Every structure is written in structure tokens, then in C-alpha cells.
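To start, the structure under review is shown below, and the notes come after it.
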Amino acid sequence: MDRVPALDEPLKKLLGGPTAKVMAEQLDLHTVGDLLHHYPRRYEERGQLTKLAELPLDEDVTVVAQVADARVHTFNGGRGQRLEITITDGSGRLQLVFFGRGIHKPHKELLPGSRAMFAGKVSMFNRRLQLAHPTYAKLSADGDDSAEVVDSWAGALIPIYPACKGLESWKIAKAVDAVLPSAQEAVDPLPPSLREGRGFVPLPEALLKVHRPHTKDDVEQARQRLKWDEAFVLQVALARRRHADAQLPAVARRPAPEGLLDAFDAKLPFTLTDGQRTVSKEIFDDLATEHPMHRLLQGEVGSGKTMVALRAMLAVVDSGGQAAMLAPTEVLAQQHHRSITEMMGELAEGGMLGGSDLGTKVVLLTGSMGAPARRQALLDLVTGEAGIVIGTHALIEDKVQFHDLGLVVVDEQHRFGVEQRDALRGKGKQPPHLLVMTATPIPRTVAMTVFGDLETSVLDQLPAGRSPIASHVVPAQDKPHFLARAWERVREEVAKGHQAYVVCPRIGDSADEAAEKKAAKKKSAEDEAEKRPPLAVLDMADQLREGPLHGLRVEVLHGRMQPDDKDDVMRRFAAGEVDALIATTVIEVGVNVPNATAMVIMDADRFGVSQLHQLRGRVGRGSAPGLCLLVTEMPEASAARARLNAVAATLDGFELSRIDLEQRREGDVLGQAQSGVRSSLRMLAVIEDEEVIAAAREEAVAVVAEDPDLERLPALRTALDALLDKDREQYLDKG
0 MDRVPALDEP
10 LKKLLGGPTA
20 KVMAEQLDLH
30 TVGDLLHHYP
40 RRYEERGQLT
50 KLAELPLDED
60 VTVVAQVADA
70 RVHTFNGGRG
80 QRLEITITDG
90 SGRLQLVFFG
100 RGIHKPHKEL
110 LPGSRAMFAG
120 KVSMFNRRLQ
130 LAHPTYAKLS
140 ADGDDSAEVV
150 DSWAGALIPI
160 YPACKGLESW
170 KIAKAVDAVL
180 PSAQEAVDPL
190 PPSLREGRGF
200 VPLPEALLKV
210 HRPHTKDDVE
220 QARQRLKWDE
230 AFVLQVALAR
240 RRHADAQLPA
250 VARRPAPEGL
260 LDAFDAKLPF
270 TLTDGQRTVS
280 KEIFDDLATE
290 HPMHRLLQGE
300 VGSGKTMVAL
310 RAMLAVVDSG
320 GQAAMLAPTE
330 VLAQQHHRSI
340 TEMMGELAEG
350 GMLGGSDLGT
360 KVVLLTGSMG
370 APARRQALLD
380 LVTGEAGIVI
390 GTHALIEDKV
400 QFHDLGLVVV
410 DEQHRFGVEQ
420 RDALRGKGKQ
430 PPHLLVMTAT
440 PIPRTVAMTV
450 FGDLETSVLD
460 QLPAGRSPIA
470 SHVVPAQDKP
480 HFLARAWERV
490 REEVAKGHQA
500 YVVCPRIGDS
510 ADEAAEKKAA
520 KKKSAEDEAE
530 KRPPLAVLDM
540 ADQLREGPLH
550 GLRVEVLHGR
560 MQPDDKDDVM
570 RRFAAGEVDA
580 LIATTVIEVG
590 VNVPNATAMV
600 IMDADRFGVS
610 QLHQLRGRVG
620 RGSAPGLCLL
630 VTEMPEASAA
640 RARLNAVAAT
650 LDGFELSRID
660 LEQRREGDVL
670 GQAQSGVRSS
680 LRMLAVIEDE
690 EVIAAAREEA
700 VAVVAEDPDL
710 ERLPALRTAL
720 DALLDKDREQ
730 YLDKG
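Quick look at the structure:
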């Protein structure tokens with residue numbers, strides 16, 4: 000039997016069951032390799048103490064400090080005892096509190112003048128920061144620390160690890176000590192020429208230096224090396240993907256002169272923006288080649304992406320092919336169908352009376368269509384009668400056959416599963432060209448990291464005629480009269496003949512409540528007290544109908560309504576028969592009602608930055624200015640408020656996406672909807688390490704061009720296989 004490679008050994012074997020169990024459940028660490036890649040978050044300098052003045056509230060912290068004084072207080076008429084210890088580090092003071100029987104040991108050990116490492120959650124009591132019942136490990140006063148605590152922490156730097164309940168940083172450090180010898184067997188993924196050319200230390204040395212550095216320079220060397228590993232292996236995976244795609248055959252699609260595209264352009268009532276022209280040219284150049292286009296089209300909300308995509312579809316129809324547009328929801332598919340047939344006019348009525356000779360048929364295909372309409376749509380696709388089809392993932396079902404599928408446009412890529420895209424790809428005689436659209440602006444680094452297998456085009460101008468949107472934060476808790484004013488503003492907009500959206504985080508029906516009860520069981524009592532359930536559409540609609548919006552035509556829209564009911568509400572809202580639509584984020588993407596000018600987002604702090612930006616893009620789509628009110632009960636000093644203030648301060652989606660990424664953990668960046676991402680980025684910070692990513696991409700392209708199967712680089716192959724577990728392979732498989 001083959002010996003298990005050292006880094007694949009289960010932790011249970013080396014650390015024992017209980018510790019391994021906590022590591023697996025709380026930190027998702029299962030093997031020796033996982034633990035070796037669980038890097039310290041920061042380092043404490045022995046003798047130079049953490050700044051107590053900068054402790055974050057509600058976070059688990061580890062501090063090194065000196066005991067200033069210790070006192071026992073009694074309460075409950077002498078029956079209860081409380082030990083209060085003040086610790087200091089020169090920058091500030093912090094109170095530690097121990098209760099009941101738990102006071103005896105610390106009372107004996109933590110004498111004034113003694114030094115220790117303390118770990119616990121920072122809380123606020125009587126307006127002062129404190130750690131209640133922290134765990135601690137004593138250090139000797141002169142800095143020559145006892146063997147027990149910092150046994151193998153050679154050098155003057157104490158690593159502080161990302162910790163969790165039940166496993167403090169120093170316990171993780173001890174576990175790392177147990178597995179550190181295995182680092183010698185780490186397989187180095189970087190080609191030797193690259194490693195030597197850039198002067199990197201070997202991988203075993205980098206692992207040793209990141210966990211047990213003697214100097215700050217050790218840490219720096221290790222971090223640079225480990226960042227490169229992550230960036231390079233990921234970029235090699237993407238470069239191989241691009242290389243494989245470039246080998247696929249595709250039919251070149253060139254629009255016919257004086258054909259459908261020219262006829263469409265001639266009847267446009269406006270001129271395209273320069274950005275739309277440039278991006279269209281990039282797309283047309285790709286379509287004219289004999290391997291599949293893979294292009295990501297990013298554009299601000301309302302920048303005219305649909306127009307660019309439609310012209311690409313018309314070019315393909317012109318060349319004798321068919322184009323399919325996939326939308327994530329039925330509401331959106333119907334909306335695209337409506338706006339595309341309106342834009343095309345008689346050109347969308349090919350083969351029909353009154354239709355243009357150059358025209359084609361534009362069909363809609365969704366899961367909830369009636370059987371006769373569906374049968375007709377399927378027939379139009381298989382005969383080639385329909386040049387353009389717009390639909391949800393119902394388009395991918397086996398029954399759907401195309402005559403000659405030449406282009407697939409995917410709207411809001413991150414909402415679409417990889418298997419679904421692959422299935423659609425198999426519908427063409429040869430792989431179709433692919434255009435992916437997103438209204439979530441993606442900074443260049445993230446585009447290189449997440450969508451690295453797609454070429455990127457950016458539409459950053461708004462078409463003429465879009466109106467500015469004013470955004471304001473409404474602090475409902477501190478200033479209730481601001482909320483009252485918000486509802487007055489909605490009434491004022493309606494009085495001017497406009498309409499409004501009110502968005503809530505949840506629906507508020509029985510399915511919602513069941514999910515919530517389940518979630519509540521998992522939450523601790525303090526979470527419960529701190530967080531009331533998010534506001535719900537159904538409750539809000541009742542309150543508004545009876546209260547501030549009394550007398551207005553108020554309707555609801557959410558994801559669990561029957562498709563026909565949803566369409567009916569959306570149609571009436573678009574026709575101006577509804578004054579205020581109380582909705583969930585169903586309306587986040589692509590809903591286009593130019594007459595809607597006001598949006599009130601309740602519990603805005605429960606939404607992400609880019610989601611708020613998307614939602615806000617639903618107003619200001621006509622000639623009247625838009626208004627977006629972000630209602631929150633979060634206190635002024637909170638991070639949530641800072642996030643909302645940032646959204647209110649700028650309409651620049653790229654700026655917001657940077658803020659979003661800086662505020663979220665790096666792991667979330669690589670698409671919350673993309674699976675298998677957990678293990679990929681630990682050291683690399685997508686936003687800050689732009690240069691590393693760009694350089695790694697260049698090196699990766701060169702390596703793959705020379706040796707696509709990495710036959711001469713077995714170690715890199717191994718690292719790639721580890722990265723591309725099943726999920727990960729699919730996550731990268733965007734095309």
C-alpha cells in the first residue's frame with residue numbers, strides 16, 4: 000500500500016481526536032497540509048505589547064499585557080464574587096472579569112506585575128471595554144518565557160493565528176509545532192527557473208518562516224513566496240482553460256451587409272455611445288474568428304449592455320445562426336423579451352404578416368409557459384424559424400433543440416450554474432460563442448482572478464437621458480422623523496405621477512418563518528437579543544397600506560408568488576397602474592420601469608454593497624431624477640453604517656466594488672455563488688496584490704504556452720490537482 004504523503008495525513012493522527020474535531024468543525028482544517036497553510040494573522044513582538052487602545056469590539060483577540068492591579072468584589076450580600084483585573088500595555092488599559100468559582104486560579108496566578116497572553120472576546124460593560132473569562136497563558140516577566148507557553152516560538156515574534164471558540168491562538172501554535180516537520184516534504188509548485196529568477200525561498204523554508212519567524216524579514220520573505228504560489232497556481236488553471244478553449248473549433252459569424260443588423264441600426268432613434276461602439280467592435284472581431292469567443296461584458300447598471308448584446312445576436316442571426324439569451328429569473332427573461340421585441344419592432348416579426356423581410360422571430364421560453372406556446376417555441380427553434388430565443392434555464396432541458404446555435408448570452412453570470420452553461424454549450428453543432436454580462440462592477444484584479452478565462456470589455460458611460468440618483472441614509476432608530484419624511488417623499492413622487500419601490504430583505508410567509516425558526520435554534524441568546532428578524536414584504540405592505548401610504552395603490556412582488564401573478568403585478572407596475580411596489584430583491588436585476596423614481600430599502604444594512612448598488616439602479620431610468628433612501632437601525636459608529644454611507648456617497652460601481660471587497664473577507668470575493676473556493680486564497684489579497692496577480696498571469700501564460708499539459712512540471716501538476724478538486728474545477732469552468 001502506498002504511504003500517504005505527509006501533507007495529506009489526517010490531523011486526527013497527529014493531534015488526537017478532540018483537537019482535530021474542533022479544527023475540522025470550526026476552521027475547516029482536516030489534513031497536515033491544511034494546518035500548514037493556516038497562516039498566522041499577525042505577529043506579536045515579545046516585550047513590545049499589543050496596543051490595547053486599538054481593540055475591536057465583538058472580536059476574538061489575543062493580547063500580551065502586564066497586570067496592573069487585581070481586586071475581588073463581592074455582590075448579592077457577599078454570596079457572589081467577582082475578580083476584576085486591569086491589564087496594561089503602555090497604550091491603554093483593559094479590564095478582565097472572572098466570576099464565581101472561576102476566580103481562584105487567576106487570583107493566585109495573575110498578580111500585579113506579571114505578564115501573560117490573554118485571549119477572549121472584547122465586550123463593552125459600563126462604557127468600558129472588557130474581556131470576560133479570558134483564557135490566558137503566563138509569560139515570564141523578563142521576556143525569557145516559560146517553556147510551557149512558547150516552547151518552540153524561537154525568535155522574538157509570537158505568531159497570532161486566526162482562532163475560534165475552544166481553540167485559542169497558542170493552542171493552534173502548539174498544533175502547528177507538531178506538524179511543522181512535515182513542511183520539509185511540501186512539494187514546490189513553482190518551476191525552478193521561475194523561483195530562482197524571482198529570488199523566492201523554497202516552499203518548505205517559506206512554511207517554516209511564516210510559522211516560526213526569527214525576524215520581520217523572515218515573515219516578508221515567506222509571505223511573498225506564499226502569495227506567489229496562490230496567484231500562480233490559480234492563473235495556471237485559468238491559462239490552461241483559455242488554452243483549451245482556443246483549440247476548440249467554432250463557426251465564424253460575420254453580419255451580412257445590408258442585412259438584419261444594418262436594418263436595426265438604421266431604425267435606432269438614438270446614436271450609440273462611444274463605449275458601446277468600442278465594445279461592439281471587440282465582440283464582432285471575436286465572432287469573426289474560428290474559435291469560440293469567451294467575453295465578459297461589464298457595465299454599470301443602465302449602461303446599455305442589452306443593446307450591445309442584442310446587436311451581437313443580430314449579427315449572428317445575419318450570418319445564418321441562432322442566438323440564445325439566458326436570464327436568471329422568469330421576471331427578467333420576460334422583461335428582456337419585452338424590451339428586445341420593442342427595440343426591434345417589425346424586425347422581430349419575421350415570417351409574420353406585417354413583419355419585415357429581413358426580420359426573424361424572437362421567442363420566449365420559460366418553465367411556466369403553457370404547453371401549446373411552449374410547443375410552438377420549440378418548433379421555431381428546431382426549424383430555425385426563430386433566430387433569437389430568450390429564456391431561463393428551461394432553455395437547457397434536453398427537449399430543447401436548436402437549428403444552428405451560434406451565440407449564447409448569459410445575463411448576470413454569477414447567478415448561473417456551471418453545469419447549466421456546459422449543457423447549453425453542447426446544443427450547438429460546434430461550441431457556440433459566449434458573451435457573459437454583469438452589472439456588478441468587478442475590479443481588474445478580481446476579473447483576472449475570477450473571470451480569468453474570459454476576455455473583459457467594460458461599458459463605463461451611461462447613455463444620454465439617464466438621470467442622476469440622489470441617495471441618503473435614513474437612521475430610523477436615532478431619528479424616527481427621518482423615516483416619516485421618507486414616506487412623505489414617496490407620496491410626493493406619486494403625486495407627481497411617478498412610482499416607487501420599497502425593498503425588504505425577506506418575504507414573511509410560512510416558508511420564511513420555518514427557515515427562521517431553524518436558524519434561531521442555532522443562534523445564541525445574545526445574537527437573538529441583538530438581531531430582530533429582518534423586515535418582511537408581507538408585513539411591510541400591510542403596515543404601509545394602513546399607515547403612511549394609505550390610499551395609494553400598493554402591491555407586493557416576491558419570488559414565491561405564482562409566475563402568472565408575478566407577471567401580472569410587473570405588467571401593471573410597468574403600465575403605471577401601481578403606485579408603490581413592495582418587493583424582495585426579485586427586482587434587483589434588469590427590471591426597467593422608467594417612471595419609477597423613488598426607492599426605499601428597508602434594513603439596508605442586511606444587503607451587500609453591490610446588491611444595494613444594483614437595487615438603486617432600478618430608479619432614475621427615465622427623464623426624472625431618482626431618489627434612493629437606505630433605511631437602517633444600525634448605530635452611527637457601526638461598520639454597517641459606514642458601508643451605507645459609502646453607497647450613498649458615490650454612484651460609481653467600480654469604487655463601490657472596491658469598498659465591498661475591502662470590507663468582506665477575501666474568500667467571499669471569489670464569488671459567493673462559486674463553490675470550492677474555500678481553500679484557494681489564504682495569503683493573497685485580491686485587491687492589494689494586483690501586481691502579483693498580473694505578473695503571475697504573465698508567467699502562467701508563458702508556462703502553459705510552452706507545456707500545456709505540464710508534463711515537464713509534475714510538482715505544478717500536483718498543486719493544480721489539489722486546487723482543482725471537483726467543485727473547484729467546475730468553478731473555473733465558466734465558459
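Counting with numbering that gives the first Met the number 0, you get residues 0 to 734 for the letters of the sequence shown. The beta carbon of each residue, even a glycine, is placed where N, CA and C say it ideally should be. Keep in mind it's a predicted model, so treat the numbers as computed, not measured.
Check your understanding: Which runs of the alpha helix (DSSP H), 4 residues or longer, sit entirely within the region 576-647?
Key -> 608-615
Review point. Under the rule that 16 or more other beta-carbon atoms within 10 Å means buried, what is R40, buried or exposed?
Key: exposed
Review point. From what residue to what residue does the alpha helix (DSSP H) around I692 run?
Key: E689 to E705
Practice item. Give the single residue among A322, A718, S470 and T18 whose Cα lies nearest to the Cα of N644. Key: S470
Exercise for review: State the start and end residues of the unbroken alpha helix (DSSP H) segment that holds E545.
Suggested key: V536 to E545
Check your understanding: Which two residues bound the contiguous alpha helix (DSSP H) that contains S192?
Key -> P191 to G196
**Study point:** Straight-line Cα distance separating T391 from P327
**Key:** 6 Å
Exercise for review: Specify the secondary structure class of E491 as computed by DSSP and reduced to three states.
Suggested key: helix
Check your understanding: Taking just the CA atoms, how far does M682 sit from P105?
Key -> 37 Å
Review point. Apart from the five residues just before and just after R716, which ones in its own chain have a Cβ nearer than 7 Å to its Cβ?
Key: L709
Point to revise | Close-in-space but distant-in-sequence residues of the same chain around A718 (CB under 8 Å, 5 per side omitted) | key: V186, P188, D228 and V232
Exercise for review: Helix, strand or coil for F98, going by three-state DSSP, please let me know.
Suggested key: strand
**Study point:** Own chain residues within Cβ distance below 7 Å of Y160, not counting five before or after
**Key:** H37, P39, R40, S168, I171 and A172
Point to revise | Beta-ladder partner(s) of S122, from DSSP | key: Q129
Check your understanding: How would you label G496, buried or exposed, when you count the other beta carbons within 10 angstroms and need 16 or more for buried?
Key -> exposed
Practice item. Give me the Cα-Cα distance between P9 and Q220, rounded to the nearest whole angstrom. Key: 28 Å
Point to revise | Bridge partner(s) assigned by DSSP for L166 | key: C163
Practice item. Examine chain B for any beta-carbon lying closer than 8 Å to the beta-carbon of R642, and answer yes or no. Key: Annotation note: the requested chain B is absent from the structure, which comprises a single protein chain.
Exercise for review: Assign F97 to buried or exposed, taking buried as 16 or more other Cβ atoms, counted over all protein chains shown, within 10 Å of its Cβ.
Suggested key: buried
Check your understanding: Per DSSP, which one or two residues make a beta bridge with Y42?
Key -> P158
Point to revise | Three-way DSSP call (helix, strand, coil) for F481 in this model | key: helix
Review point. Where does the unbroken alpha helix (DSSP H) through M343 begin, and where does it stop?
Key: E329 to M343
Check your understanding: Pairing CB atoms from the region 620-632 with CB atoms from the region 468-486, are three or more of them under 8 Å?
Key -> yes
**Study point:** Distance between beta carbons of L556 and G507, contact taken as under 8 Å
**Key:** Between L556 and G507 the Cβ distance is about 13 Å, and since that is not below 8 Å, they are no contact.
**Study point:** Identified DSSP bridge partners for L434
**Key:** R294 and V408
Check your understanding: Name the DSSP bridge partner or partners of T85?
Key -> D68 and Q94
Practice item. Entirely within the region 248-288 and at least 3 residues each: give me those beta strand (DSSP E) ranges in chain order. Key: none
Review point. By how many angstroms is the C-alpha of A699 removed from the C-alpha of A721?
Key: 17 Å
Practice item. Out of V618, G32 and H335, point me to the one whose CA is closest to P180's CA. Key: G32
Review point. Considering only residues of the same chain and omitting the five flanking positions on each side of A182, which have a CB-CB separation below 7 Å?
Key: L35, P203, L206 and L207
Point to revise | Integer-rounded CB distance, given that L138 should sit under 8 Å from L93 | key: With 8 Å as the limit, L93 and L138 do not qualify as a contact, their Cβ atoms being about 16 Å apart.
Exercise for review: Figure out for me which residue from V408, L110, A323 and G101 has the closest Cα to the Cα of I86.
Suggested key: L110
Exercise for review: Name the residue from P371, A376, A370 and G369 whose alpha carbon lies nearest to the alpha carbon of V362.
Suggested key: A376
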